[in-house]
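For reference, the structure discussed in these notes is given below.
Residue numbers (this note's numbering), protein chains in the order written: chain F, 1 to 116; chain V, 117 to 229.
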C-alpha cells in the first residue's frame with residue numbers, strides 16, 4: 001500500500017522569506033501523480049500544485065514550486081516570498097495512475113505559520 | 117459559478133440517529149468522492165463513484181452509505197453503525213480520467229451529541 005509521510009508537523013516562516021515543506025512517499029508504481037493541497041482556516045482544500053511522475057521538470061505555480069526526486073521518493077514544496085495568506089495546513093497527496101486509481105492518499109499535514 | 121457545494125456547514129446528531137450530508141457539483145465531473153478528516157490526520161477515503169448508479173468502498177466505508185442517482189449529486193449517510201462519526205467531511209469531484217485532479221467542497225462538520 002502507498003504511504004505518504006510529512007515529517008514536519010509544524011513550521012514557521014517570516015513574511016517575505018522562503019520555506020520548504022517536506023514530503024516522502026512509498027510506492028512500487030512507476031507512474032503516479034503527486035499533489036500539494038492547502039487547507040486554510042476555512043478548511044476547504046485548495047490545490048496548490050501537481051506533479052506527474054513521468055515528467056522530469058519540477059512543477060511551478062507562481063510562488064510555489066516543488067523539488068521532485070523520484071529515486072528518493074521525495075516531493076518537497078517551496079514557498080517563496082511568503083505571505084500572511086499562506087498560513088494554513090499543507091497536505092501532500094499521492095495518486096497512482098491506471099484503472100480504478102481514483103484514490104488520493106494523504107499525509108498528515110504540516111501546519112505553516114507566517115510571522116509578520 | 118461552477119463549483120462544489122456541501123450542506124449543511126455544521127450538523128449535530130444524537131447517538132443512534134442516521135444523518136445525510138449533501139454534496140452537489142455543477143462542474144460536469146463524472147467522479148465524486150467522500151473523505152473524512154480527523155484532528156491531526158490527513159483525509160481518508162470513505163466512498164467514491166466514477167459514474168451514475170455506481171460506487172465503490174474506500175478505506176473506511178463501515179457505517180456509511182452513499183447513492184449516486186444523478187451526476188451532480190453524491191449524498192453521504194452516516195448511519196448509527198458508525199462508531200465514531202464526529203469528524204469533518206469533505207466531498208470532492210473530478211473528471212473521469214485517473215489523471216484528473218480532484219477539487220474539494222467546503223466541508224461539513226458533524227458532531228454527535
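Note that the Cβ used here is the ideal one computed from N, Cα and C, for glycine as well. No experiment lies behind these values; they were computed from the predicted model shown.
- Message: I want to see whether chain F comes within less than 8 angstroms of residue 198 of chain V, judged by CB atoms only; does it?
- Response: Closer than 8 angstroms: no.
- Task: Could you pull out every residue in the same chain whose Cβ sits closer than 8 angstroms to the Cβ of residue 60 of chain F, ignoring the five residues on either side in sequence?
- Result: The answer, listed in chain order, is 49 and 66.
- Consult DSSP for residue 159 of chain V and reduce its assignment to one of helix, strand or coil. Collapsing the DSSP output to three states places residue 159 of chain V in a strand.
- Residues bridged to residue 171 of chain V [DSSP beta-bridge criterion]: When DSSP reads this structure, residue 171 of chain V sits in no beta bridge, so it has no partner.
- Task: Have a look at the DSSP bridge pairing and note the partners of residue 61 of chain F.
- Result: In the DSSP assignment, the residues bridged to residue 61 of chain F are F:64.
- Query: Touch check for the segment 75-86 of chain F and the segment 21-35 of chain F: three-plus C-beta pairs under 8 angstroms?
  - Reply: With the cut-off at 8 angstroms, the segment 75-86 of chain F and the segment 21-35 of chain F touch.
- Query: What beta strand (DSSP E) runs, 3 residues minimum, are completely inside the segment 9-56 of chain F?
  - Reply: Complete beta strand (DSSP E) runs here, min 3: 10-14, 19-21, 24-26, 32-39 and 46-52.
- Message: I need the straight-line Cα distance from residue 3 of chain F to residue 29 of chain F, nearest angstrom please.
- Response: Going from the Cα of residue 3 of chain F to the Cα of residue 29 of chain F covers about 12 angstroms.
- Query: Okay, do the segment 30-47 of chain F and the segment 86-100 of chain F touch, 3+ Cβ pairs below 8 angstroms being the bar?
  - Reply: The segment 30-47 of chain F is in contact with the segment 86-100 of chain F.
- Item | Cross-chain neighbours of residue 220 of chain V in chain B, by beta carbon under 7 angstroms | In the structure shown, chain B cannot be found, because the protein chains are F and V.
- Message: Buried or exposed, going by whether 16 or more other CB atoms sit within 10 Å of the CB of residue 57 of chain F?
- Response: Within 10 angstroms of the beta-carbon of residue 57 of chain F lie fewer than 16 other beta-carbons, which makes it exposed.
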